[in-house]
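Written below as structure tokens is the structure these notes are about.
2 protein chains.
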Amino acid sequence: MEAGKTSDKPRDLDLLFNARSVAVVGASANPEKLGYEILNNLINMGYSGPIYPINPKADEILGLKAYPSLSDVGQPIDLIGVIVPGKFAPGVIEEAGKLGVKNAVVISGGFREIGNDELEAAMVAAAEAGGVGIIGPNCQGINYPANKLCLSWPLIKRKGGLALICQSGTIAAALGDRADKEGIGIAGLVALGNRCDIDESDLIEFFGADPNTDAIAVYLEGIRDGEKFMEVGKRVGKLKPVLVLKGGRTERGRKAAESHTKSIAGRGEIFDAALRKVGFEKVESIDELYDCAKALSAEKKRPGKRVQVLTSSGGSGIVAVDILEELGLDVAPLSEAGRKRLAETLPSHCVIGNPLDLTGDTPAERYQEAVLALAETEPGIDLYLLIFGDPIPRATENCREIKAAVDRPLVACYIGGGEVEEVEFKKMNSLKIPTFPTPERAARAARSILTGRKE
Amino acid sequence: MEAGKTSDKPRDLDLLFNARSVAVVGASANPEKLGYEILNNLINMGYSGPIYPINPKADEILGLKAYPSLSDVGQPIDLIGVIVPGKFAPGVIEEAGKLGVKNAVVISGGFREIGNDELEAAMVAAAEAGGVGIIGPNCQGINYPANKLCLSWPLIKRKGGLALICQSGTIAAALGDRADKEGIGIAGLVALGNRCDIDESDLIEFFGADPNTDAIAVYLEGIRDGEKFMEVGKRVGKLKPVLVLKGGRTERGRKAAESHTKSIAGRGEIFDAALRKVGFEKVESIDELYDCAKALSAEKKRPGKRVQVLTSSGGSGIVAVDILEELGLDVAPLSEAGRKRLAETLPSHCVIGNPLDLTGDTPAERYQEAVLALAETEPGIDLYLLIFGDPIPRATENCREIKAAVDRPLVACYIGGGEVEEVEFKKMNSLKIPTFPTPERAARAARSILTGRKE
Numbered sequence: 020m021e022a023g024k025t026s027d028k029p030r031d032l033d034l035l036f037n038a039r040s041v042a043v044v045g046a047s048a049n050p051e052k053l054g055y056e057i058l059n060n061l062i063n064m065g066y067s068g069p070i071y072p073i074n075p076k077a078d079e080i081l082g083l084k085a086y087p088s089l090s091d092v093g094q095p096i097d098l099i100g101v102i103v104p105g106k107f108a109p110g111v112i113e114e115a116g117k118l119g120v121k122n123a124v125v126i127s128g129g130f131r132e133i134g135n136d137e138l139e140a141a142m143v144a145a146a147e148a149g150g151v152g153i154i155g156p157n158c159q160g161i162n163y164p165a166n167k168l169c170l171s172w173p174l175i176k177r178k179g180g181l182a183l184i185c186q187s188g189t190i191a192a193a194l195g196d197r198a199d200k201e202g203i204g205i206a207g208l209v210a211l212g213n214r215c216d217i218d219e220s221d222l223i224e225f226f227g228a229d230p231n232t233d234a235i236a237v238y239l240e241g242i243r244d245g246e247k248f249m250e251v252g253k254r255v256g257k258l259k260p261v262l263v264l265k266g267g268r269t270e271r272g273r274k275a276a277e278s279h280t281k282s283i284a285g286r287g288e289i290f291d292a293a294l295r296k297v298g299f300e301k302v303e304s305i306d307e308l309y310d311c312a313k314a315l316s317a318e319k320k321r322p323g324k325r326v327q328v329l330t331s332s333g334g335s336g337i338v339a340v341d342i343l344e345e346l347g348l349d350v351a352p353l354s355e356a357g358r359k360r361l362a363e364t365l366p367s368h369c370v371i372g373n374p375l376d377l378t379g380d381t382p383a384e385r386y387q388e389a390v391l392a393l394a395e396t397e398p399g400i401d402l403y404l405l406i407f408g409d410p411i412p413r414a415t416e417n418c419r420e421i422k423a424a425v426d427r428p429l430v431a432c433y434i435g436g437g438e439v440e441e442v443e444f445k446k447m448n449s450l451k452i453p454t455f456p457t458p459e460r461a462a463r464a465a466r467s468i469l470t471g472r473k474e
Numbered sequence: 020m021e022a023g024k025t026s027d028k029p030r031d032l033d034l035l036f037n038a039r040s041v042a043v044v045g046a047s048a049n050p051e052k053l054g055y056e057i058l059n060n061l062i063n064m065g066y067s068g069p070i071y072p073i074n075p076k077a078d079e080i081l082g083l084k085a086y087p088s089l090s091d092v093g094q095p096i097d098l099i100g101v102i103v104p105g106k107f108a109p110g111v112i113e114e115a116g117k118l119g120v121k122n123a124v125v126i127s128g129g130f131r132e133i134g135n136d137e138l139e140a141a142m143v144a145a146a147e148a149g150g151v152g153i154i155g156p157n158c159q160g161i162n163y164p165a166n167k168l169c170l171s172w173p174l175i176k177r178k179g180g181l182a183l184i185c186q187s188g189t190i191a192a193a194l195g196d197r198a199d200k201e202g203i204g205i206a207g208l209v210a211l212g213n214r215c216d217i218d219e220s221d222l223i224e225f226f227g228a229d230p231n232t233d234a235i236a237v238y239l240e241g242i243r244d245g246e247k248f249m250e251v252g253k254r255v256g257k258l259k260p261v262l263v264l265k266g267g268r269t270e271r272g273r274k275a276a277e278s279h280t281k282s283i284a285g286r287g288e289i290f291d292a293a294l295r296k297v298g299f300e301k302v303e304s305i306d307e308l309y310d311c312a313k314a315l316s317a318e319k320k321r322p323g324k325r326v327q328v329l330t331s332s333g334g335s336g337i338v339a340v341d342i343l344e345e346l347g348l349d350v351a352p353l354s355e356a357g358r359k360r361l362a363e364t365l366p367s368h369c370v371i372g373n374p375l376d377l378t379g380d381t382p383a384e385r386y387q388e389a390v391l392a393l394a395e396t397e398p399g400i401d402l403y404l405l406i407f408g409d410p411i412p413r414a415t416e417n418c419r420e421i422k423a424a425v426d427r428p429l430v431a432c433y434i435g436g437g438e439v440e441e442v443e444f445k446k447m448n449s450l451k452i453p454t455f456p457t458p459e460r461a462a463r464a465a466r467s468i469l470t471g472r473k474e
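Dropping the structure here:
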């Protein structure tokens, strides 16, 4: 276990994410400063509770009345964002504790990450004495769109089903930015920083119970408290999909991790065993973390292996078959009845099989006709992988109708579709049709869906 | 070897790509038709030679005088694009042969891919009799920006160093589209289709000698003529990097490939051995095909293993170290002299090592200072991987200066950089600083560069 404040039981983080009032300590009127960007993002996010900028040298910042100190506010404050230089942070936390502030997001650096363990210990002591929960320090903050609470950057407004918990602000920002651009959005984003107090287990517990969250993506260099992690994991692993990318898998990566957030990077095998035990899924790359979480925020896990590929592009269909088979899935041939039924349904130049090649002239509707036919003759199919390998308009509407009619998960790939693809790709993802730019990435996401346990 | 016209020696394709005049047989005035899109793209590409639309029912199409048949043109024609229904193609080729047309790009389908082997044989016979070279049939055409010749879709105008040869129109289009969007551009693009005549070996030979081409990316389901492939490969493999993704690696993928372009999909092991022998690089996914070709169109291969990572994001640096080590590269620690020199050069909060963490406040210039210091104290470094894990303006200018000063390849990753990233990512790639969206993809590209043989 690492140094810092801890609690054996997961913390109640409701008033962190659902804070009813926020003070920004170190708010600045200078657009070059982080204290400006944080306050500006909170305002532009549309946060509806009172916002109190704290700055002894300003009367007003970004149109809001500023206060010299937290004590001067004279109103209850649930949450503070802290962007003052690290050396002032213990004093701020002490004052906050006396005023009944519940939580602090300490963005400031200058603590354990540069060897200043004493400063971090002093802040933790102040937090313990005052009953203040701390995210950070040395972190990129939090974002919770359900409460329009962005104490972070970049500004991500789009609300969706993905919760992101990362021991790296950059990775959190990159994942959140993708989710925003693809039309998916986030349930929440937390950059853990030095995690002197609130840790990954507390956050997994919160998002596990959070009604806005469909899937949880985690980047971790090490587990802070093994027992707590297992206890939370056993519970949340049954409720929601949790995907984990571990930094520090190799010996040299592990050493780098230890000097990064001064966290004890877990040994790979122990880490993997812990994940397996609680039913979290280990992933191997940032792309896979994002892709699988996206898939599982849209489709429920189910047990199974059999995947039916439908494609407008012969080559992309073959690439999909290769990778699906290499991943241990089963691209099973069609039954005689299925072949016969498709031959009656589809134009004669389609290539009937698995992959089912609808060929380059296919309209979106042909996918639907084919899937509906297959749903009747091939009950053994566990998942449909639809490849739109040309500019095929109305792919979105078509997929929605398929989803409404067929009781199987659906994963899509849109590739080589030019301007039509740009429109459909975002539309599909925003409507929870998990869509990927290559067959390989779609196949990995499909495997992730098919890891459900038998009831 | 497959059915169809063949020649043991690679063909001279100069007048295919550098055609001085082009007729579009099946040109159409109806924007819904492919015969319109092809002609429109050729015009909008800015092709400077004469263009002859052929259509018996039109006097003029898209502002150009149209002719009832090729024979009515009355001028020399180097190249024809064929978009008429397949059944008319043998007649068109026969007529073309009599008129001295050198090559035809047959986009029309309806041949071997739907079991109509006789029609394809008839067209091949006409081509042989008339000395006409054929790309296709059943293909997505060709694009050669150096001659402003786009007989394909989508319209890709940006000229660059990547040649794309694909037995899948969709994969060719997807790769070309990416190269265009990322500011890289293409040297050429060819969709092989049924490849009844001109094959991958002819094209590898052409782009191997083409001065516009820096790297060749190939998607193949099988090799058409093994001997010719080996003969061409041995030559081109020494001249230029050739990256190959094989469709049909698995048994079921192989069967699908055989029904796709009716080509004989090679057995994986034999295929792999052939690639090794000629020095082509096998890749495992569409992303890897693109990424490695992009890297090798910008940086020369060299032998080596040692990679130095510089990063503004601790987490991304750790992810990079893990994957580099897993790929068999060497993220070696710094020498004492190197550590000392960096400690003198960099601000004290930077974390000196490998990865070298310049931390989140780094300006672009700090990368340059660090690399210049390392170049003096660590001559054993084979490649620098620079991770810009925040919005860091002027990354491009900085990388260019590093490249000018340091005799080592450079690969970059831009991640979590929001709007600044969008600008810098494209600028960097367009200036041949190969830049990737994740550390994992950058690491794979780095490995590709470090596969050079010792002199």
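Residue numbers (the working numbering), protein chains in the order written: chain A, 20 to 474; chain B, 20 to 474. Yeah, the Cβ is synthetic: ideal placement off N, Cα and C, and Gly gets one too.
Note on A:Q94: under 16 other CB atoms within 10 angstroms of its CB, so exposed under the neighbour-count rule.
Ranked by Cα distance from B:V255, the first of B:D229, B:D244, B:R273 is B:D229. The beta-carbon of A:G100 is placed no less than 7 Å from the nearest beta-carbon of chain B. Using beta-carbon distances, B:R268 counts as an interface residue toward chain A, with a partner under 7 Å. In terms of Cβ geometry, A:V111 and A:V101 form a close pair [threshold 7 Å]. Sequence-distant Cβ neighbours of A:A77 in its own chain, meaning closer than 7 Å and more than five residues away, are A48, A85. Chain A places no beta carbon closer than 7 Å to that of B:G399, leaving this residue out of the contacts.
B:A431 has its alpha-carbon roughly 17 Å from the corresponding atom of B:L308. Taking all protein chains shown into account, B:D31 has fewer than 16 neighbouring C-beta atoms within 10 Å of its C-beta and is therefore exposed.
When CB distances to chain B are screened at a threshold of 7 Å, the residues of the stretch 408–440 of chain A falling below it are G408, D409, I434, G435, G437, in chain order.
The alpha-carbon separation between B:L211 and A:D218 amounts to approximately 54 Å. With respect to chain A, the C-beta atom of B:I289 has no partner C-beta closer than 7 Å.
In the DSSP assignment, B:I205 falls outside any alpha helix (DSSP H) and within the unbroken beta strand (DSSP E) covering 205–210.
Counting only Cβ-Cβ distances below 8 Å, B:I133 has contacts in chain A at S367, H368, in chain order.
Within the same chain, and ignoring the five residues on either side of B:A356 in sequence, the residues whose Cβ sits closer than 6 Å to its Cβ are T396. Between B:T381 and chain A, the shortest Cβ-Cβ separation is not below 7 Å.
If you check each beta-carbon in the stretch 324–349 of chain B against every beta-carbon of chain A, the ones closer than 8 Å belong to S331, S332, G333, G334, S335, G336, I337, V338, V340, D341, I342, E344, E345. Under the 8 Å Cβ criterion, the stretch 234–244 of chain A does not count as touching the stretch 293–308 of chain B, having fewer than three qualifying pairs. For A:G436, the closest alpha carbon among the candidates A:T381, A:V125, A:V209 is that of A:T381. For A:T396, the closest Cβ of chain B is not nearer than 7 Å. Nearest Cα to A:S67 within the set A:V44, A:S40, A:N60, A:V302: A:S40.
Only residues of its own chain outside the window of five on either side were considered, and among them G256 have a CB closer than 6 Å to the CB of B:G298, listed in chain order. The Cβ of B:D306 sits closer than 7 Å to at least one Cβ of chain A. Contact annotation, B:V350 with B:V326: C-beta distance approximately 6 Å; criterion of less than 8 Å satisfied. Residue state for B:A46 is assigned as coil, using DSSP reduced to three classes. Put simply, the CB of B:S278 is near chain A, with a gap under 7 Å to one of its CB atoms. A:L402 and A:I342 do not touch by the CB rule: their CB atoms are close to 14 Å apart, not below 8 Å. Boundaries of the beta strand (DSSP E) around A:E300: 300–302.
Secondary structure at B:R325: strand, using DSSP grouped into helix, strand and coil.
By the neighbour-count definition (other C-beta atoms within 10 Å, threshold 16), B:A38 is a buried residue. Taking the Cβ atoms as the reference, A:F248 lies roughly 26 Å from A:N166, outside the contact range of under 8 Å. For B:I190, the chain A residues whose C-beta falls within less than 9 Å of its own C-beta are S332, G334, S335, V338, G408, I434, G435, listed in chain order. With 16 or more other Cβ atoms inside 10 Å of its own Cβ, A:I161 counts as buried. If you look at B:N162, you'll find it in the beta strand (DSSP E) that goes 160–163. Residue range 429–433 is occupied by the beta strand (DSSP E) that includes A:Y433.
Neighbours of A:R271 across chain B, judged by C-beta separation under 7 Å: V340, E344, V350.
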